[in-house]
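Residues in the sequence shown are numbered consecutively from 2, following this note's numbering.
Ideal placement from N, C-alpha and C gives every residue a C-beta, glycine not left out.
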Amino acid sequence: MMGDGHPITPDEYLENALKLSKGEHPKVKMANLPRECIRKFFPKRKCFTFDRPTNNRSFLAQLEDVQESQLEPAFKDQAENFCSHIFSNAKTKTLSGGIMVNGNRLGKLLETYVKTISSGDIPCLENAVLALAETENSAAMQKAAKHYVEQMVLKLHFPTETLQDLLNLHTDCEKEAISIFMTHSFKDDTHKFQKELVQILESKKNDFIRQNEEESTKYCQTKLEDLSQTLMEAISQGTFSVPGGYKLYRKEREKIMNNYHQVPRRGIKADEVLQRFLQSLAMTGESILQTDQALTDKEKALEAEQVKREAAEKKKELLEQQQMEMQQNMEAQQRSYEENINQLKKKMEEDRIQILREQEMILDHKLKEQKKLMEEGFNEKAEEMKKEIEDLQTKIKDAESKKSSGLSSILDSFGTALMVMLPGVGKLIGLGIKALGKLVS
Numbered sequence: 002m003m004g005d006g007h008p009i010t011p012d013e014y015l016e017n018a019l020k021l022s023k024g025e026h027p028k029v030k031m032a033n034l035p036r037e038c039i040r041k042f043f044p045k046r047k048c049f050t051f052d053r054p055t056n057n058r059s060f061l062a063q064l065e066d067v068q069e070s071q072l073e074p075a076f077k078d079q080a081e082n083f084c085s086h087i088f089s090n091a092k093t094k095t096l097s098g099g100i101m102v103n104g105n106r107l108g109k110l111l112e113t114y115v116k117t118i119s120s121g122d123i124p125c126l127e128n129a130v131l132a133l134a135e136t137e138n139s140a141a142m143q144k145a146a147k148h149y150v151e152q153m154v155l156k157l158h159f160p161t162e163t164l165q166d167l168l169n170l171h172t173d174c175e176k177e178a179i180s181i182f183m184t185h186s187f188k189d190d191t192h193k194f195q196k197e198l199v200q201i202l203e204s205k206k207n208d209f210i211r212q213n214e215e216e217s218t219k220y221c222q223t224k225l226e227d228l229s230q231t232l233m234e235a236i237s238q239g240t241f242s243v244p245g246g247y248k249l250y251r252k253e254r255e256k257i258m259n260n261y262h263q264v265p266r267r268g269i270k271a272d273e274v275l276q277r278f279l280q281s282l283a284m285t286g287e288s289i290l291q292t293d294q295a296l297t298d299k300e301k302a303l304e305a306e307q308v309k310r311e312a313a314e315k316k317k318e319l320l321e322q323q324q325m326e327m328q329q330n331m332e333a334q335q336r337s338y339e340e341n342i343n344q345l346k347k348k349m350e351e352d353r354i355q356i357l358r359e360q361e362m363i364l365d366h367k368l369k370e371q372k373k374l375m376e377e378g379f380n381e382k383a384e385e386m387k388k389e390i391e392d393l394q395t396k397i398k399d400a401e402s403k404k405s406s407g408l409s410s411i412l413d414s415f416g417t418a419l420m421v422m423l424p425g426v427g428k429l430i431g432l433g434i435k436a437l438g439k440l441v442s
């Protein structure tokens, strides 16, 4: 390949071909337009030249059927160099912000673009990207929710001994789900899909809690029915309706309670089920006590008072357990809140850095292009680029200076919305917005 009588490389040939022609004639402007577009939109470019695949004219008419052995060696070497360069240097297609475009995403973008053209509207890449984001974010949300449910079902064994056991597992699975959403979502600027994911995971968590309670209740009731069978038969047969019968009744009831406490994996409803069982026996026990002729009136009164104290103590313990579980649930919501905020904060910072990196690359290209235009004698075009360069420099400076304030404002708004969906957060931290400020800083 020759240029000005000297051998030149394919890259040099391309750069010579992209040099602009001087003049104001429309033909000159039309000739320069594709060159300017290539220089503007392809800052990194490389040229490859190819010989004819074959010198056999009959083969040229049906190249797709030609065997590789029938191709010219020079062409095969050139094709191999071209493929090697593509495989080694070509990067994944990306949208603004470093959003990678795989085959599915590219297909959806093209489909939206073609539909717009077919309908007679003016195609807009930004609108196509927003439509793609809507579809992809919905899929990311569903993927994250599905992962959460699958992991909970796989790792959760009903009934759990405590509510905290279930909540700890929830926290781990939720963290993974949020991470999946963050990885597969983009341009969720209003956080519509992340907020919806929060609601879904909270609802699923409550479903697991209800199922856990139901399994515990069912299991404990079955165990108590088995353990109390002898007692119930004795009551129906009047076994305790004799002098000293109340003492026998108390002994049998204590035996049931002791055996019940030895049952493993009763779950979180163990005490509540036991209390309901004891309440169901209260009137029977009172009747046996009052008809026991072996006890004096004073002994009966003392025993009745003792029964009341025990019932009150059990009720107090149950209330304390319920309050503790309520506290644990609020703490789980607080962890959900913090995990969502922290992962969003991390993603936003990564996106900000990526956009800055892209803007700096564009700025570097524009500065080089401006210098090249001046060297080629196109001072007016170089001056036109000066405004673009200054605007871009201003954007970069603004993005760097507004890093904290912009991030804080977005996270503050998102955090406020989260506290509506996770009411335990506000109750637990009291001053929720101030707590958010600590997370953002």
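Backbone secondary structure at residue i - three-state DSSP
{"i": "His158", "result": "coil"}
{"i": "Met422", "result": "helix"}
{"i": "Ile87", "result": "helix"}
{"i": "Pro54", "result": "coil"}
{"i": "Thr191", "result": "coil"}
{"i": "Glu377", "result": "coil"}
{"i": "Gly108", "result": "helix"}
{"i": "Cys48", "result": "coil"}
{"i": "His26", "result": "coil"}
{"i": "Val67", "result": "coil"}
{"i": "Leu364", "result": "helix"}
{"i": "Lys72", "result": "The sequence shown places Leu at residue 72, not Lys. In this structure, Leu72 counts as coil in the three-state DSSP scheme."}
{"i": "Thr395", "result": "helix"}
{"i": "Asp173", "result": "helix"}
{"i": "Ile390", "result": "helix"}
{"i": "Cys125", "result": "coil"}
{"i": "Thr297", "result": "coil"}
{"i": "Thr163", "result": "coil"}
{"i": "Lys20", "result": "coil"}
{"i": "Ala146", "result": "helix"}
{"i": "Glu13", "result": "helix"}
{"i": "Ala132", "result": "helix"}
{"i": "Phe60", "result": "helix"}
{"i": "Ser119", "result": "helix"}
{"i": "Phe278", "result": "helix"}
{"i": "Phe415", "result": "helix"}
{"i": "Phe43", "result": "coil"}
Beta-carbon proximity list for residue i, same chain, < 8 Å, skipping 5 on both sides
{"i": "Lys387", "result": "Gln371"}
{"i": "Gln71", "result": "Thr55, Asn57 and Phe60"}
{"i": "Ala17", "result": "Checking the displayed sequence, the identity of residue 17 turns out to be Asn instead of Ala. Excluding residues within five positions, the ones whose Cβ falls inside 8 Å are Gly4 and Ile9."}
{"i": "Lys156", "result": "Leu170 and Cys174"}
{"i": "Phe49", "result": "Pro11, Gln79, Asn82, Phe83 and His86"}
{"i": "Leu345", "result": "Met183, His192, Gln195, Leu412 and Phe415"}
{"i": "Gly98", "result": "Phe187, Lys188, Asp352, Gln355, Ile356 and Glu359"}
Which residues DSSP lists as bridging residue i, in chain order
{"i": "Met183", "result": "In the DSSP output, where bridge partners are listed per residue, Met183 has none listed."}
{"i": "Pro8", "result": "Met3"}
{"i": "Leu96", "result": "Ile100"}
Cβ-based burial, residue i [other Cβ within 10 Å; buried from 16]
{"i": "Leu142", "result": "In the sequence on display, residue 142 carries Met and not Leu. Flag for Met142 reads buried."}
{"i": "Asn33", "result": "buried"}
{"i": "Arg267", "result": "buried"}
{"i": "Ala84", "result": "According to the sequence shown, residue 84 is Cys rather than Ala. Exposed, since its Cβ has fewer than 16 Cβ neighbours within 10 Å."}
{"i": "Ser204", "result": "exposed"}
{"i": "Gln195", "result": "buried"}
{"i": "Ala134", "result": "buried"}
{"i": "Pro160", "result": "buried"}
{"i": "Phe209", "result": "buried"}
{"i": "Ile123", "result": "exposed"}
{"i": "Glu69", "result": "exposed"}
{"i": "Leu303", "result": "exposed"}
{"i": "Arg53", "result": "exposed"}
{"i": "Ser229", "result": "buried"}
Beta-carbon proximity list for residue i, same chain, < 6 Å, skipping 5 on both sides
{"i": "Ser237", "result": "none"}
{"i": "Val264", "result": "Lys224"}
{"i": "Gln152", "result": "Cys174"}
Own chain partners of residue i with C-beta closer than 7 Å, once the 5 adjacent residues on each side are dropped
{"i": "Lys396", "result": "Gln360"}
{"i": "Phe182", "result": "Ala141, Met142, Ala145, Gln195 and Leu198"}
{"i": "Ala129", "result": "Leu110, Thr113 and Tyr114"}
{"i": "Tyr14", "result": "Met2, Gly4 and Cys48"}
{"i": "Gln394", "result": "Leu364"}
{"i": "Glu216", "result": "Phe159, Pro160 and Gly268"}
{"i": "Glu318", "result": "Asp272"}
Chain D contact for residue i (CB, 8 Å cutoff)
{"i": "Glu384", "result": "The chain inventory of the structure shown lacks chain D, comprising one protein chain alone."}
Kindly provide the ranges of any alpha helix (DSSP H) runs that are 4 or more residues long and lie completely inside the stretch 216-274, ordered along the chain. 230-237 and 246-262
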